[in-house]
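Single-structure report; data block below.
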Amino acid sequence: MKKIISILLVTGSFFTGTQTLLPQNQIADSIAKTELVKVDSVVSSTDNTIKSIGAKFDAPDVSNLISFSKIFWALVFIAIGYFMVRFLTRSIEIWSEKSPDRRVKGKAIVPVVKIICWMVIAYIIVKGIFNPPLGSLIAFGASVGVAVGFAAQDILKNIFGGFVIIIDRPFKIGDKIEVGSTYGEVLDMSLRSTRVQTADDSIVTLPNGELMNQSISNSNSGETNCQVVAEIYLPITIDTHQVRKIAMEVAKVSNYVYLAKPIAVVFVNDIKYDKLCYKMRLKAYVMDIRFEFAFKSELTENVIKELLNCEILSSANSI
Numbered sequence: 001m002k003k004i005i006s007i008l009l010v011t012g013s014f015f016t017g018t019q020t021l022l023p024q025n026q027i028a029d030s031i032a033k034t035e036l037v038k039v040d041s042v043v044s045s046t047d048n049t050i051k052s053i054g055a056k057f058d059a060p061d062v063s064n065l066i067s068f069s070k071i072f073w074a075l076v077f078i079a080i081g082y083f084m085v086r087f088l089t090r091s092i093e094i095w096s097e098k099s100p101d102r103r104v105k106g107k108a109i110v111p112v113v114k115i116i117c118w119m120v121i122a123y124i125i126v127k128g129i130f131n132p133p134l135g136s137l138i139a140f141g142a143s144v145g146v147a148v149g150f151a152a153q154d155i156l157k158n159i160f161g162g163f164v165i166i167i168d169r170p171f172k173i174g175d176k177i178e179v180g181s182t183y184g185e186v187l188d189m190s191l192r193s194t195r196v197q198t199a200d201d202s203i204v205t206l207p208n209g210e211l212m213n214q215s216i217s218n219s220n221s222g223e224t225n226c227q228v229v230a231e232i233y234l235p236i237t238i239d240t241h242q243v244r245k246i247a248m249e250v251a252k253v254s255n256y257v258y259l260a261k262p263i264a265v266v267f268v269n270d271i272k273y274d275k276l277c278y279k280m281r282l283k284a285y286v287m288d289i290r291f292e293f294a295f296k297s298e299l300t301e302n303v304i305k306e307l308l309n310c311e312i313l314s315s316a317n318s319i
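The opening position of the sequence shown corresponds to residue 1 in UniProt numbering, with each subsequent residue numbered one higher.
Shown next as C-alpha cells:
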C-alpha cells in the first residue's frame, strides 16, 4: 500500500512540473516571435527608405535632359549674356569718362557687374533650361571639379587670386600700380588676369595668381590724383635755395597740378658720372592720373629751362 501511494505521489509531481514548465516555454516562444517581427519590420522600412532615396538619385534619361532645343536656347542665352555684359560695361565706361571723379568709381564696379551677369545667365541655363535632378547635378559637379582640379591648377590658382583681389581690393580699375618691374594704369580686371597699361602704351597682362605673391604699390588708391616725382641732377655748386624757389613756381603754374595737396622739393647727395652732385626731387600732385607722364615731363623741361634762363645752370656746369 505504501508503495502504491509513493508511486501516485511521484506521478502527480511529474505532471505538476510539466504543467508549470509549459507556460514558460510558450512565453519564450512568443517573445522570440515578437522580436523577429520587429526585426523584419525594421529591415523592410530600411529597404523602403533606400529605395526611395535611390529613386531620387537615379540617373535621368539623357535624351530628356539634353536635347537640340535645350542646347539651342542655352547658346541663345549665352549670346544674349555676352552682348548684355558688353553693353553694360561700355555704358559704365562712357558714363565714368565724363568726369574725373566718376572715372575711378565707375570702372571699379565693372568686374562686379560682369560676375553678377554671368552668374545670372548660368543660373537661367542650368535651372531654367536643363533643370537636372539634384543628384545628377551634384555628381556632375564633383566629377568636373576633380577633373578640372587636376588639369587646370594654374587657372584655378588665378581664379582664386581674382576673387581675393575683388574682395581685398588692393587696387581698382583706374589705379596706378607697380608690380615688380611693371608700372602703369589698371585697365581691366577679370577672374584670371589683370591688364595694366604702361607709360609706353604697352598692355601687360598679369596673372592674378602671381599678383597674390608679390608686393603691390598703389599710387592713388582710388583717387583721381596721384603724386608725381620729377628728378633732376644738378651740380654741387648751385644755390639750392634759389633752385627750390624756381621749382616750386614751375609746379604751381602748371595746367596739370593739383594744388589741394602740397608741393615739395628735396635735395639729396648723389654720384653721377663719377661726380658728386645734387639729385633734386620735385614732388607734386597731378589732378588726373591720365596726365601723370605729361606732368612729369613738363616739370623737368620747365625747371631746366628756367635754370638756364636765370644762368644758374649752364652747359659748362651741367651734369
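Ideal Cβ placement from N, Cα and C applies to all residues, glycine included.
For K283, the enclosing beta strand (DSSP E) begins and ends at K275 to V286. Contact between the stretch 181 to 196 and the stretch 221 to 230 is absent: fewer than three C-beta pairs spanning the two stretches fall below 8 Å.
Of the other Cβ atoms in all chains shown, fewer than 16 fall within 10 Å of the Cβ of M119; this residue is therefore exposed. The straight-line gap separating the alpha-carbon atoms of W73 and I129 is approximately 8 Å.
For E292, the uninterrupted alpha helix (DSSP H) run begins and ends at E292 to N309, by DSSP. Taking the Cα positions, F291 is about 31 Å away from I238. Annotated three-state conformation of V253 is coil, per DSSP.
Residue burial annotation: Y285 is buried, with at least 16 other C-beta atoms found within 10 angstroms of its C-beta. In this structure, the alpha-carbon of L211 lies about 14 Å from that of D188. Annotation: the continuous beta strand (DSSP E) that includes P207 extends over I203 to P207. The C-beta separation of T198 from G184 comes to about 4 Å, placing the pair in contact by the 8 Å criterion. Looking at the DSSP output, G222 sits in no beta bridge, so it has no partner there. With the rule of 3 Cβ pairs closer than 8 Å, the stretch 256 to 275 does not count as touching the stretch 200 to 208. Taking K176 as the centre and dropping the five residues before and after it, the same chain places the C-beta of E185, S219, N220, C226 and I289 closer than 6 Å to its C-beta, in chain order.
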